[in-house]
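K.L.:
This is the structure I want to talk about, given as structure tokens.
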Amino acid sequence: EWHEGPLEFDVNFFGRLCELSEHAFWNIWSNPDVEVLVGDGYEKFDLWDNEEAWLAAVQNPNFIKYFSDLELQEVIDEWDGFPDLQRALKAQITSISVVLKNFAATILEEYFPNYSSAYIEESYGIDLGDEYLSAVVNNTSGKLVFDEDMDKDDIYGLSNLSDFEALIAFIKKNSDN
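For the sequence shown, our numbering begins at 53 and goes up steadily by one.
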């Protein structure tokens, strides 16, 4: 049958997918439809243990947004058998940290899945522009930027800003700058 036999990993094709979308690695690795194909006879190549796949994914700076889902801190700290991957992750993180505020500005809107940032700004009388981005980038306290006086639970509950702030903290922690 057409689906029998192992799938072969094509690093060039996968690299192009990763250039097009930072979601390529995660979507293939965690996709239940891919698991159904495996159940129907495909022998899935294992992205998790494929250093070439990781290296291709890391080339897209936005892949770093998956730092929590893919436990990138553990990859950096504990994956002894993948020194090229550890170096590539550190290099990408360091290059992002050089332009951290600009990087943060380009991805901020993605952290508003249910309500727009404009709605949050208007509803709570806050500005998510330059002042907020500076506060996030310069935050050394480990606490969320908005405090209780500003309806913090509502602001963070209606957005994914806590994930956004955690990503920026992860980049700062792992940068060589």
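Just so it is clear, CB atoms sit at the ideal spot from N, CA and C, and this is done for glycine as well.
(1) Report yes or no: do the region 104–119 and the region 62–74 share at least 3 C-beta pairs separated by less than 8 Å?
(2) List the whole-angstrom C-beta distance separating residue 185 from residue 153, where the pair is believed to meet the contact cut-off of C-beta under 8 Å.
(3) Output needed for residue 191: all residues of its chain with C-beta closer than 8 Å, excluding positions within five of it in sequence on either side, in chain order.
(4) Going straight from the alpha carbon of residue 102 to that of residue 164, what length do you get?
(5) Please report the straight-line C-alpha distance between residue 118 and residue 138, rounded to a whole angstrom.
(6) Between residue 155 and residue 148, which are expected to be in contact by the criterion C-beta below 8 Å, what is the C-beta distance as a whole number of angstroms?
(7) List in chain order: all unbroken beta strand (DSSP E) runs of 3+ residues lying wholly within the region 173–199.
(8) Alpha helix (DSSP H) containing residue 117: first to last residue?
(9) Quick check on residue 214: does DSSP put it in helix, strand or coil?
(10) Measure the alpha-carbon distance for residue 160 versus residue 183 and round it to whole angstroms.
(11) Please report the Cβ distance between residue 141 and residue 151, rounded to the nearest whole angstrom; I am assuming they are in contact, meaning their Cβ atoms lie under 8 Å.
(12) Just the C-alpha distance for residue 80 and residue 61, rounded to the nearest angstrom, thanks.
(13) Just to confirm before moving on: does the CB-CB distance between residue 166 and residue 210 stay below 8 Å?
(14) May I ask you to report which of helix, strand or coil DSSP gives residue 169?
(15) Nearest-angstrom Cα distance between residue 83 and residue 227?
(16) What's the call for residue 76, buried or exposed, on a 16-neighbour Cβ count within 10 Å?
(17) Could you check which residue in 133, 88, 64, 100 has the C-alpha nearest to that of residue 122?
(18) So, helix, strand or coil for residue 106, using DSSP?
P.N.:
Quick answer:
(1) yes
(2) 5 Å
(3) Hits under 8 Å: 197, 217, 220, 221.
(4) Rounded to the nearest angstrom, the two C-alpha atoms are 32 Å apart.
(5) 15 Å
(6) 5 Å
(7) none
(8) First-last for residue 117: undefined, no H or E at that position.
(9) helix
(10) 13 Å
(11) Taking a contact as a CB-CB distance under 8 Å, the pair residue 141 and residue 151 does not count as one, their CB atoms being some 17 Å apart.
(12) The alpha-carbon of residue 80 is positioned some 12 Å away from that of residue 61.
(13) yes
(14) helix
(15) 31 Å
(16) For residue 76, the number of other beta carbons within 10 angstroms of its own is at least 16, and it is reported as buried.
(17) 100
(18) helix
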